[in-house]
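Participant:
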Amino acid sequence: MPKIIDYKNGDQMSLEAIIKKSDYRLAKNGKNFLSLVFEDKSCQIPGKFWDASEEDAKKYRVGTVVQLDGKRDIYQGKPQVIINHLGTLDPDTVDMSQFIQTAPIKRQDMENEFEDIFLEITNGAWNRIVRYLFKKYHNQFFTSAAAKVNHHDFQGGLAYHTLSMVHLAEKISDQYPQIDKALLIAGACLHDLGKTIELSGTLDVEYTFEGNMLGHITIIDEEIVKAAQEMKIDLDSEDMVMLRHMVLSHHGLLEYGSPERPKLLEAEVLHDIDVLDASINMISKALDKTEEGKFSERIFGMDNRSFYKH
C-alpha cells in the first residue's frame, strides 16, 4: 500500500490515511472549508476540503480513516495535497494502528530500558523521586507525544525523546567525569514529565487547561515538591534544590519559559542535549519528506530555516 512519503511534488496521490486534525473554518469568500491533516505511518500532509458542510465536518472528524485521492503540491514552501476525492472507510475493516505514527522503539523495550536507567541514579533522594513520578504517570508517559507540533509529535514521543536524552547524558558524562552523572540523568528523566499533564490526546494533541495556564515546567516542579513531601524528603536540602533547578532551567532562557537560567554545569548540559535532540528530530523529519539534492520545507522550530538533503 502506498504511503504519503512515497509521493513527490506533482504526483497524483491515492492512498489510505487517518485524519489527524480537522478544523471547520470560514474562508474570506464567505464559504466554509475543512482544514485537514492526514497521517499514515510514514508522515503527515495537510489539505483543504473546500465548500464543506456541517455534515462534512462531522463525517471527516479526527480519527476517521479515509481514502484520499489528490495531487501533491507545494504551498508556501510546504507540501500539501490538493484533494480531488475523499471517502471514509469502515473502521471495522482497517487496523487503526497502521495509520498512527509511533515511536520507533516498542513501548515494552523502552519500559525495560528505563528500569535499568534508574539504577544509574545513585543519589537516594533523586532515585526515589524519579521512580515515584514515573510510577504515578506511567501510562501517560509512554503514550504521550512530546509536543503538539515540531519535535517528537507522535504517540510515545515523550518517552522516546526522554530516552534519547538519557543516552546522550550517559555518553557525555563518560566523556566529562566532572559532570554528576546521576544528577544529569535524573534531570533528563524528569525534564518533560509535566507534559503528561500539559498535553492531552494521542492523535489530535491539545493543550489542557493546566497546560495553557501553568506550562509543563511549573507542573513538574510542583510534582517534585509533592512527591518529596509525600516521602518525607527534605526540600531544603542542596540535593533537592539542585534537582528542582534542573527542570526549572532546562529551556535555557527566560523568554523560552524557564523561570531561571542554568546555574549548574549539569543544568547547562541538560538544556544543550534537549535542544540537540529536538533539533535532530525536526530536521530529520523534514528531510524524510525531501528529495535528494533539494532543500527541505522551512522548519518553524528551526527559525524557519530549510535544510539540504545531500
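For the record, in the sequence shown the residue sitting at position 269 is 274 according to this note's numbering, with numbers rising by one throughout.
Every residue, glycine too, gets a C-beta built ideally from N, C-alpha and C.
1. Less than 8 Å separating the beta-carbons of V86 and G75?
2. Identify the continuous alpha helix (DSSP H) that holds H166 and give its terminal residues.
3. Using CA atoms only, rank isn't needed, just tell me which of C48, S263, S301, F214 is closest to Y80.
4. Hey, which unbroken runs of the alpha helix (DSSP H) at 4 residues or more fall wholly within the region 31 to 65?
5. Check for me: the beta strand (DSSP E) holding K83 runs from which residue to which?
6. Taking G129 as part of the beta strand (DSSP E), name the residues at either end of that continuous run.
7. Mind checking which residues open and close the beta strand (DSSP E) that includes L73?
8. Less than 8 Å between the beta carbons of F43 and A62, yes or no?
9. So what's T98 in DSSP terms, helix, strand or just coil?
10. Alpha carbons only, please: which of R249, S19, H172, D239 is nearest the one belonging to D121?
11. Looking at the secondary structure, which residues open and close the alpha helix (DSSP H) in which D121 lies?
12. By Cβ distance below 8 Å, which residues in the same chain neighbour K314 in space, the five residues on each side in sequence not counted?
13. Quick check on DSSP: helix, strand or coil for M18?
14. Given a cut-off of 8 Å, decide if E271 and I134 are closer than it, judged by their beta-carbon atoms.
15. By the 10 Å Cβ neighbour count, where 16 or more other Cβ atoms means buried, how is E60 classified, buried or exposed?
16. According to DSSP, is L204 helix, strand or coil?
17. How would you write the range of the alpha helix (DSSP H) that H256 sits in, first residue to last?
18. Take F214 as the anchor and find which of K200, E273, P96 has the nearest alpha-carbon.
19. Is the separation between the beta-carbon of M247 and that of L188 shorter than 8 Å?
20. Looking at the structure shown, is T223 part of a helix, part of a strand, or coil, going by DSSP?
21. In whole angstroms, what separates the C-alpha of I318 from that of A193?
22. Tell me which residues share the same chain as S205 and place their Cβ nearer than 6 Å to its Cβ, disregarding the 5 neighbours each side in the sequence.
23. Note the first and the last residue of the continuous alpha helix (DSSP H) segment covering M287.
24. Have a look at D308 and A283 and give me their C-alpha separation to the nearest angstrom.
25. How many angstroms separate the CA atom of I109 from the CA atom of S263?
26. Am I right that R266 and L275 are in contact with their C-beta atoms under 8 Å? What's the rounded C-beta distance?
27. Mind the definition here: the region 101 to 116 touches the region 157 to 168 only if three or more C-beta pairs lie below 8 Å; say whether that holds.
28. Which same chain residues end up closer than 7 Å to D244 when comparing Cβ atoms and leaving out the 5 residues on each side of it in sequence?
29. Quick one: Cα of C48 to Cα of Q145, how far?
Facilitator: On the basis of the data shown:
1. Contact: yes.
2. Judged by DSSP secondary structure, H166 falls within the alpha helix (DSSP H) whose first and last residues are 162 to 180.
3. Ranking C48, S263, S301, F214 by Cα distance to Y80 puts S301 first.
4. Restricted to the region 31 to 65, the alpha helix (DSSP H) segments that are unbroken, complete and at least 4 residues in length are 59 to 64, listed in chain order.
5. Segment 83 to 93, the beta strand (DSSP E) holding K83.
6. Per DSSP, G129 belongs to no beta strand (DSSP E); it is in the alpha helix (DSSP H), 129 to 141.
7. L73 -> beta strand (DSSP E) spans 70 to 80.
8. Result no, Cβ atoms of F43 and A62 do not sit closer than 8 Å.
9. Here T98 carries a helix assignment [DSSP, helix/strand/coil].
10. Here the closest residue by C-alpha is H172.
11. Unbroken alpha helix (DSSP H) run through D121: 112 to 123.
12. Same-chain partners within the cutoff: L292, T295, E296, E297, G298, K299, F300, S301.
13. If DSSP states are grouped into helix, strand and coil, M18 belongs with the strands.
14. Contact flag unset, no.
15. Taking a 10 Å sphere around the C-beta of E60, we find fewer than 16 other C-beta atoms and assign the residue as exposed.
16. Strand at L204.
17. Where H256 is concerned, there is no enclosing alpha helix (DSSP H), given that its DSSP letter is neither H nor E.
18. Of the listed residues, the one whose Cα sits closest to F214 is K200.
19. If you check the CB distance, M247 and L188 come in under 8 Å.
20. Three-state DSSP puts T223 in a helix.
21. This structure cannot settle anything about residue 318, because the visible part of the chain is limited to 6 through 315.
22. Closer than 6 Å at the Cβ level, and outside the excluded window around S205, lie E211, T213.
23. Residues 270 to 293.
24. Counting only the Cα atoms, A283 lies some 13 Å from D308.
25. Looking at the sequence itself, residue 109 is Pro, so the reference to Ile does not match. Taking the straight line joining both Cα atoms gives about 30 Å.
26. About 12 Å separates the two Cβ atoms, so there is no contact after all.
27. A contact exists between the region 101 to 116 and the region 157 to 168.
28. N128, A130, W131, listed in sequence order.
29. Whole-angstrom Cα-Cα distance: 23 Å.
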